[in-house]
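Undergrad: One structure is given below, represented as structure tokens, and several questions about it will come after.
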Ligand SMILES: Cc1cc2nc3c(=O)[nH]c(=O)nc-3n(C[C@H](O)[C@H](O)[C@H](O)COP(=O)(O)OP(=O)(O)OC[C@H]3O[C@@H](n4cnc5c(N)ncnc54)[C@H](O)[C@@H]3O)c2cc1C
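Residue numbers (the working numbering): 7 to 388.
Put into structure tokens, the structure is as follows:
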């Protein structure tokens, strides 16, 4: 299969615009927001105005209607400047906007997509529960039909954008006896009666993003908020994650790129044994490996995006890109901190925050272990 990695002129221009925005508007405040655990609503609104929050929503609903590769370019730029904003953006686009655009009825799309596409409404995705993470099918949340409504009961854990978010794609069992075929997907708006958000998590990293539990206490939503057909929930969740993992791969590439930049700059400046440490071969080898793995991670990500663009099954490639890029970014941040020596252990240096922020990339939207199970399933056909 021919894969074209050259970017179009339009993609180059968009990337340059987002790079400038990230450099001027995002990066200067990243350390302060992390220190204050501050979710920057105003900056997120600016990102919305730039079109960064509705990129995958069809143009007829006001979105950008861009292809996955263009979306990956945007996530990389934002995440390089601030991984917290990278996840805020990627969750809204790829695990909320994308499945609604793909699986909702026209009526439901008309109700919720324009707000998301304009960037005024942030989105979220509620699958994880306190007792079910990797094994999503064992979830306990339920939904029952009551006249013209669905009524949801249950608790979802670790929900990105819970708090600031206005629209959530949520999963619950409509037929608990049917196991994985008894799960359905819904669109739940934060103003629905019985929708409640818990206290924000105190996290190791991504401190400027919001993560909290969500409670459905007899949460009542219109019957038309069902996504797809009853019982298709797990399929919708897996299809969504197959696609959205590209965003986490791109987030990892952005963090990796920043780690390499910081390490290179520090290695040029820091003098030990009478020369910049960049003159020591051990340091040069670290930088070379970080650079090589960065290119490999980006190439895998773009390859998976291009497979997806051809409307072919990109599940395996997205899993490979996510597993590799997130692990490579973790290695890169580890080495970047090592190159900073003791200073890397100080919060005065950006690399310390990157080291905390990168850790979750091998965990959310499916752990590395789960990605390998997906890859092996494709290889073995079982
Ligand atoms: C910052 C953050 C944001 C998040 N945002 C969201 C969100 O917006 N929406 C949402 O729904 N969830 C979200 N999550 C949850 C995230 O997707 C889960 O944490 C992740 O899927 C792993 O689930 P778990 O934490 O329950 O770990 P577990 O599933 O309990 O896994 C624990 C360990 O066991 C391993 N393991 C489990 N099963 C197997 C197996 N069969 N074979 C080999 N190893 C196995 C795992 O790989 C892992 O290493 C978020 C998490 C974090 C930390």
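Built from N, CA and C at the ideal position, the CB exists for glycine as well.
Owing to the predicted nature of the structure, the values given are computational and were not obtained by experimental measurement.
(1) Applying the criterion that 16 or more other CB atoms from any shown protein chain within 10 Å of the CB defines a buried residue, is residue 55 buried or exposed?
(2) Just the C-alpha distance for residue 157 and residue 28, rounded to the nearest angstrom, thanks.
(3) Rounding to the nearest angstrom, what Cα-Cα distance links residue 166 and residue 11 in this structure?
(4) Nearest by alpha-carbon distance to residue 151: which of 76, 227 and 44 is it?
(5) Would the C-beta of residue 92 count as close to ligand 1, meaning under 6 Å from any of its heavy atoms?
(6) Please specify which runs of the beta strand (DSSP E), each continuous and at least 3 residues long, are wholly inside the segment 189-218, giving them in chain order.
(7) Verify the contact flag: residue 127, CB atom, against every heavy atom of ligand 1, threshold strictly below 6 Å.
(8) Shorter than 6 Å, the distance from the beta carbon of residue 133 to the closest heavy atom of ligand 1, or not?
(9) Comparing C-alpha positions only, which one of 202, 361, 14 and 279 sits nearest to residue 268?
(10) If we require 4 or more residues per run, which alpha helix (DSSP H) segments fall completely within the segment 16-103?
(11) Inspect the beta-carbon positions of residue 264 and residue 86 and report whether they are closer than 7 Å.
(12) Would you tell me roughly how many angstroms separate the C-alpha atoms of residue 146 and residue 135, rounded to the nearest one?
(13) Looking at residue 139 and ligand 1, is the gap between the Cβ and the nearest heavy atom below 6 Å?
(14) Leaving out five residues on either side along the sequence, give the residues of the same chain with a beta carbon under 7 Å from the beta carbon of residue 239.
(15) If you drop the 5 nearest sequence neighbours on each side, which residues of the same chain put their C-beta closer than 8 Å to that of residue 292?
(16) Between 168, 235 and 253, which lies nearest to residue 82 when the distance is taken from Cα to Cα?
(17) Could you check whether the segment 362-375 touches the segment 208-224, counting it as contact only if at least three pairs of C-beta atoms, one from each stretch, sit closer than 8 Å?
(18) Using a Cβ-Cβ distance cut-off of 7 Å, determine whether residue 41 contacts chain D.
(19) According to DSSP, simplified to helix, strand and coil, what is residue 259?
(20) What do you get for residue 356, buried or exposed, if any count of 16 or more other CB atoms within 10 angstroms of its CB means buried?
(21) Under a three-way DSSP split, which group does residue 161 fall into?
(22) When DSSP labels each residue in this structure, what does residue 253 get in the three-state scheme?
(23) Between which two residues does the alpha helix (DSSP H) holding residue 130 run?
(24) Check whether the Cβ of residue 173 sits closer than 6 Å to any heavy atom of ligand 1, and report yes or no.
(25) Are there any heavy atoms of ligand 1 lying less than 6 Å away from the beta-carbon of residue 221, as far as the coordinates show?
(26) For a test of your reading of the model: does the CB of residue 254 fall under 6 Å from any non-hydrogen atom of ligand 1? Yes or no.
(27) Let me check you understand the geometry: is the CB of residue 165 closer than 6 Å to at least one non-hydrogen atom of ligand 1?
(28) With respect to 6 Å, is the separation between the Cβ of residue 98 and the closest non-hydrogen atom of ligand 1 below this value?
TA: Quick look at the numbers:
(1) Locating residue 55 in the chain shown gives position 49, where the first residue counts as 1. Exposed, because fewer than 16 other Cβ atoms sit within 10 Å of the Cβ of residue 55.
(2) For the purposes of this step, residue 157 is taken as the residue at position 151 of the chain shown. For the purposes of this step, residue 28 is taken as the residue at position 22 of the chain shown. Going from the Cα of residue 157 to the Cα of residue 28 covers about 41 Å.
(3) In the chain shown, residue 166 corresponds to position 160, counting from 1. In the chain shown, residue 11 corresponds to position 5, counting from 1. Distance between the alpha carbons of residue 166 and residue 11: 31 Å.
(4) For the purposes of this step, residue 151 is taken as the residue at position 145 of the chain shown. Of 76, 227 and 44, the residue nearest in Cα terms is 227.
(5) By 1-based counting over the chain shown, the position of residue 92 is 86. No - ligand 1 has no heavy atom lying nearer than 6 Å to the Cβ of residue 92.
(6) 189-195 and 201-206
(7) Within the chain shown, numbered from 1, the residue matching residue 127 stands at position 121. No, the beta carbon of residue 127 sits no closer than 6 Å to any heavy atom of ligand 1.
(8) By 1-based counting over the chain shown, the position of residue 133 is 127. Yes, the Cβ of residue 133 comes within 6 Å of a heavy atom of ligand 1.
(9) Counting from 1 along the chain shown, the entry for residue 268 is found at position 262. With distances taken between Cα atoms, residue 268 lies closest to 361.
(10) 36-42, 47-55, 74-87 and 89-96
(11) Position 258 of the chain shown, counted from the start, is the residue given in the question as residue 264. Position 80 of the chain shown, counted from the start, is the residue given in the question as residue 86. Against a cut-off of 7 Å, the Cβ pair of residue 86 and residue 264 comes out as a contact.
(12) For this step, residue 146 is matched to residue 140 along the chain shown. For this step, residue 135 is matched to residue 129 along the chain shown. Going from the Cα of residue 146 to the Cα of residue 135 covers about 8 Å.
(13) One-based indexing of the chain shown puts residue 139 at position 133. Yes; taking the cut-off as 6 Å, the Cβ of residue 139 has a heavy atom of ligand 1 nearer than that.
(14) Along the chain shown, one-based indexing puts residue 239 at 233. Hits under 7 Å: 177, 189, 190 and 191.
(15) Mapped onto the chain shown, residue 292 falls at position 286. If we look at residue 292 and ignore the five residues flanking it on each side, its Cβ neighbours are 269, 341, 344 and 345.
(16) Counted from its first residue, the chain shown places residue 82 at position 76. The candidate whose alpha carbon is nearest that of residue 82 is 253.
(17) yes
(18) Absent from the structure is chain D; it holds one protein chain and no more.
(19) In the chain shown, counting from the first residue as 1, residue 259 sits at position 253. It is helical.
(20) Here residue 356 refers to the residue found at position 350 of the chain shown. Burial call: buried.
(21) Counting from 1 along the chain shown, the entry for residue 161 is found at position 155. The answer is strand: DSSP assigns residue 161 an E or B state.
(22) Translated into the one-based positions of the chain shown, residue 253 becomes position 247. Note: residue 253 maps to helix in three-state DSSP.
(23) Within the chain shown, numbered from 1, the residue matching residue 130 stands at position 124. Taken as a continuous stretch (DSSP letters only), residue 130 belongs to no alpha helix (DSSP H), being part of the beta strand (DSSP E) at 129-132.
(24) Walking along the chain shown from the start, residue 173 turns up at place 167. No, Cβ of residue 173 sits at least 6 Å from all heavy atoms of ligand 1.
(25) Start at 1 with the first residue of the chain shown, and residue 221 comes out as number 215. Residue 221: no, Cβ never under 6 Å from ligand 1.
(26) Position 248 of the chain shown, counted from the first residue, corresponds to residue 254. For ligand 1, not one heavy atom lies less than 6 Å from the Cβ of residue 254.
(27) Residue numbering aside, residue 165 sits at position 159 when the chain shown is read from its first letter. Yes, since a heavy atom of ligand 1 falls inside the 6 Å radius drawn around the Cβ of residue 165.
(28) Counted from its first residue, the chain shown places residue 98 at position 92. No, the beta carbon of residue 98 sits no closer than 6 Å to any heavy atom of ligand 1.
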